[in-house]
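Have a look at the structure below before the remarks.
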Amino acid sequence: MSYLYIIEELYNQLNDVEEHGEVATYIRELSHIDSDKFGVCLIDSDNQYHQVGDSDEPFSIQSIAKVLSLTLAYKMAGESLWDRIGVEPSGSPFNSLVQLEYDNGIPRNPFINAGAIVVCDYLISQLDQPEDEFISFVRRVSKNEQINYSEEIAASEKATGYRNAALINLMKDFGNIRNDIGKVLDFYFLLCSIKMSCRELARTFLYLMNYGKDPETGEQVISLSKTKRINAIMQTCGFYDEAGEFSFKVGLPGKSGVGGGIIAVHPKQYSIAVWSPRLNKKGNSWKGMQFLERFTTKTEQSIF
Ligand code: GLU
Numbered sequence: 310m311s312y313l314y315i316i317e318e319l320y321n322q323l324n325d326v327e328e329h330g331e332v333a334t335y336i337r338e339l340s341h342i343d344s345d346k347f348g349v350c351l352i353d354s355d356n357q358y359h360q361v362g363d364s365d366e367p368f369s370i371q372s373i374a375k376v377l378s379l380t381l382a383y384k385m386a387g388e389s390l391w392d393r394i395g396v397e398p399s400g401s402p403f404n405s406l407v408q409l410e411y412d413n414g415i416p417r418n419p420f421i422n423a424g425a426i427v428v429c430d431y432l433i434s435q436l437d438q439p440e441d442e443f444i445s446f447v448r449r450v451s452k453n454e455q456i457n458y459s460e461e462i463a464a465s466e467k468a469t470g471y472r473n474a475a476l477i478n479l480m481k482d483f484g485n486i487r488n489d490i491g492k493v494l495d496f497y498f499l500l501c502s503i504k505m506s507c508r509e510l511a512r513t514f515l516y517l518m519n520y521g522k523d524p525e526t527g528e529q530v531i532s533l534s535k536t537k538r539i540n541a542i543m544q545t546c547g548f549y550d551e552a553g554e555f556s557f558k559v560g561l562p563g564k565s566g567v568g569g570g571i572i573a574v575h576p577k578q579y580s581i582a583v584w585s586p587r588l589n590k591k592g593n594s595w596k597g598m599q600f601l602e603r604f605t606t607k608t609e610q611s612i613f
């Protein structure tokens, strides 16, 4: 059975299933999205694209961008990055403050908000023009000059970003933020606002399915060893307090965002992006999780 056949079959099945979950509303711009959107794109190791539904429509990738900021920061900092951020699953919601106090301002991992904010702080210290240089990096990895931030989404998030402000203030107090907190938060909101379609997302993450090397251009985006570690962090921390559940049911390294997107990679096999904006209680796309669970079951392929 071809990937396309399976994707189409599961897409049709899930279109008939009663929808669960709610669109994220705490970022006002995200609440305007049509909750029935549903798209999937898989790119296989022969660079064949298999896609259905709203797979060419750009949406806010939100926390999925944290994998890209981690890639750039880890490439630049090497292992010293881990002096300021852990690599343990948090078992807590993405914006939780409680753990951070116990852990003396060292976030559990780079994919919870606190960890991604420290990554932003690091990039601001290292780059002359962090916003421009980061989006250039994303464009290079995605081989797409059209990829951009959404100023509207970033502004909308900033307007109600009280929890992220609390997180950064706490970390500043513990000495784990080096730059002006307003500047770091603005950069964080911008990076979360990046828009991509499922097709663009799956394309962007090919380097993580191909041991760090872009299969099309041959560029070594990041080393083999660091790729292994980024995939490991996606596996253990990519879905907040549902990372165990995703591993258990889907069995692939992946990352979700509150815009309803999920990216997952099967090393050497494929990169797959799914988008459906209704989120379950843990903040992950309800249909996206369902789709990927059925997909790895049906294909009988997972990293385990
Ligand atoms: N920009 C979102 C926030 O900081 C990211 C959360 C997510 O996508 O999981 O709340």
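Remember, the numbering used here sits 309 above the position in the sequence shown when you count from 1.
Just so you know, even glycine gets a beta-carbon here, dropped at the ideal spot from N, CA and C.
Since we're looking at a predicted model, the values are computed, not measured.
Counting by C-beta, which residues lie closer than 6 Å to a heavy atom of the ligand GLU, in chain order?
Gln371, Ser372, Phe403, Asn404, Asn422, Glu466, Asn473, Cys501, Gly566, Val567, Gly592
According to DSSP, is tyrosine 358 part of a helix, a strand, or is it coil?
strand
On the CB-based measure, 16 or more other CB atoms within 10 Å of its CB, does methionine 598 come out buried or exposed?
buried
For the putative contact between leucine 432 and leucine 510, defined by C-beta atoms under 8 Å, what is the C-beta separation to the nearest angstrom?
Contact doesn't hold; Cβ gap of about 21 Å is too wide.
Is the beta carbon of tyrosine 458 less than 7 Å from the beta carbon of serine 506?
no
In three-state terms, what does DSSP make of aspartate 495?
helix
Pull up the distance between the alpha-carbon of lysine 492 and that of serine 389, whole angstroms please.
23 Å
Where do the N-terminal and C-terminal ends of the beta strand (DSSP E) with isoleucine 394 fall, by residue?
No beta strand (DSSP E) contains isoleucine 394, which DSSP labels as neither H nor E.
Environment of glutamate 551 [buried if 16+ CB atoms lie within 10 Å]
buried
In this structure, how does DSSP classify asparagine 321 when only helix, strand and coil are distinguished?
helix
Residue range of the unbroken beta strand (DSSP E) whose run includes isoleucine 503
Counting along the chain, isoleucine 503 falls outside any beta strand (DSSP E), and DSSP gives it neither H nor E.
Check whether the segment 322-337 and the segment 583-600 touch, using three or more Cβ-Cβ pairs below 8 Å as the test.
yes
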